[in-house]
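Each remark here refers to the structure printed beneath this line.
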Amino acid sequence: MNIEDLDLGDVVFAAHTIVDDGSMPESEEGEVLAEEGARGVIVMKGYVEEDPSRSVFLVRFEDRELNLGRPIGCWTEDLMLPELVS
């Protein structure tokens with residue numbers, strides 16, 4: 001299975017620390033949005049209109065208290081499958 005096969009409700013993990021690139025409302029550029037290894041759930045899946053082969057996922061990651069955060073836009077390279085987490 002690969003990231004592209006995932007759908008709404010599937011569990012993923014942050015492949016690296018995800019920081020705001022300046023595009024997140026109510027956040028500051030450089031703010032950490034998800035720590036490397038954070039568990040999340042896919043809440044929406046789509047693609048980039050200019051490049052339909054490029055998937056984008058909205059993921060809600062857990063914080064340290066296991067509360068789901070707000071949705072974060074992620075590329076496939078930002079995510080890991082559960083079986084790859086050690």
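Just so we're aligned, residue 1 is where the sequence shown starts under the numbering used here, counting upward by one. For every residue, glycine included, the Cβ atom is placed at its ideal position computed from N, Cα and C.
### Same chain, Cβ closer than 7 Å to Leu-66, five either side skipped, listed in chain order
Within the sequence shown, residue 66 is the residue found at index 66, counting from 1. Nothing listed; no residue qualifies.
### Helix, strand or coil at Asp-5 according to DSSP, with G and I counted as helix
To locate residue 5, count along the sequence shown from 1; it is residue 5. Here Asp-5 sits in helix by DSSP.
### Message
Taking the alpha carbon of Asp-78 as the reference point, which residue from Glu-50, Glu-28, Gly-37 has its own alpha carbon closest?
### Response
Walking along the sequence shown from the start, residue 78 turns up at place 78. The option with the nearest alpha carbon to Asp-78 is Gly-37.
#### Entry: Alpha-carbon spacing of Lys-45 relative to Leu-58, whole angstroms
Indexing the sequence shown from 1 puts residue 45 at position 45. Indexing the sequence shown from 1 puts residue 58 at position 58. If I take the Cα positions, the gap works out to 6 Å.
### Query
Mind pulling the beta strand (DSSP E) runs of 3 or more residues that sit fully within the region 54-85?
Listed in chain order, they are 72-75.
### Query
If Val-11 sits next to Arg-39, beta carbons under 8 Å apart, how far is it from one beta carbon to the other, in whole angstroms?
Along the sequence shown, one-based indexing puts residue 11 at 11. Along the sequence shown, one-based indexing puts residue 39 at 39. Rounded, the Cβ-Cβ distance is 6 Å, consistent with contact.
### Message
What does the alpha-carbon distance come out to for the pair Glu-28 and Val-19?
### Response
What you label residue 28 is simply residue 28 of the sequence shown in a count that begins at 1. What you label residue 19 is simply residue 19 of the sequence shown in a count that begins at 1. Each residue's alpha carbon lies about 9 Å from the other.
### Message
List, from N- to C-terminal side, the beta strand (DSSP E) runs of 3 residues or more that fit wholly inside the region 22-47.
### Response
List check, beta strand (DSSP E) in window: 32-34.
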